[in-house]
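Written below as structure tokens is the structure these notes are about.
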Amino acid sequence: MRPVLARFRLAVLSCFGVAIGGCLADPARADQAPFTCTILPGDEIASIAMTNPLASDASCIVTCRFSTTKYDNNPQITCAKSVPSGKEVEMCRLTSGGDKFVKLTGGNADCLGLSNPSSE
2 MRPVLARFRL AVLSCFGVAI GGCLADPARA DQAPFTCTIL PGDEIASIAM TNPLASDASC
62 IVTCRFSTTK YDNNPQITCA KSVPSGKEVE MCRLTSGGDK FVKLTGGNAD CLGLSNPSSE
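FYI, the working numbering numbers position 51 of the sequence shown as 52, with every residue one higher than the one before it.
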């Protein structure tokens with residue numbers, strides 16, 4: 002009975018090692034990108050802008066989170082679109098929904114290069 006248990010344990014450990022190896026494989030990565038989340042005059046609209054840091058056009062996404070004057074109202078906006086290489090663009094705007102924005106509480110932006118089928 003013990004040899005069977007030992008083989009089972011080895012099989013489980015082998016599968017576990019393969020699973021961990023799969024988790025550690027290097028997936029396609031997006032590059033961090035500079036961004037700004039600006040509360041515009043009047044405190045009810047925010048402008049989300051970012052710069053594509055890559056040497057080619059890219060698909061970019063930016064998320065900004067804000068606090069407002071109302072308790073437990075923390076709007077978040079996520080914008081995504083193609084951004085030309087090295088260009089800063091306004092991605093989108095967010096309204097506060099009637100409450101005034103107080104401050105930026107967090108955010109992030111990433112760009113993933115677009116493939117060019119004509120050069121492949």
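Just so you know, even glycine gets a beta-carbon here, dropped at the ideal spot from N, CA and C. Here the structure is a predicted model, which means the values were calculated and not measured.
Can you give me the Cβ contacts of residue i inside the same chain, cut-off strictly under 6 Å, excluding the 5 residues immediately before and after it?
i, result
"P28", "Below a pLDDT of 50, predicted positions are generally treated as unreliable, and P28, at 41, falls in that range; the measurement from the model is reported next regardless. Once the five neighbours on either side are set aside, P28 has no close Cβ partner at all."
"S63", "Note that residue 63 is Val in the sequence shown here, rather than Ser. Result list for V63: F36, I49, M51, C80, M92, A110, in chain order."
"I40", "A47, F102"
"N74", "D100"
Starting from residue i, follow the beta strand (DSSP E) in both directions and report where the run begins and ends.
i, result
"G99", "From DSSP, G99 is part of no beta strand (DSSP E); its letter is neither H nor E."
"T37", "36–40"
"S68", "59–69"
"A47", "46–52"
"S83", "77–84"
Roughly how far, in whole angstroms, is the beta-carbon of residue i from the beta-carbon of residue j, given that I think they are within contact range, below 8 Å?
i, j, result
"T70", "D100", "5 Å"
"T96", "E45", "6 Å"
Return the chain-ordered list of same chain residues with a C-beta closer than 8 Å to the C-beta of residue i, the five sequence neighbours on each side being excluded.
i, result
"C61", "A34, M51, N53, A81, K82, S83, V84, M92, A110, D111, C112, L113"
"K88", "T52, N53"
Excluding the five sequence neighbours on either side, which residues of its own chain have a C-beta within less than 7 Å of the C-beta of residue i, listed in chain order?
i, result
"A56", "S86"
"C38", "A47, I49, C65, L105, G108"
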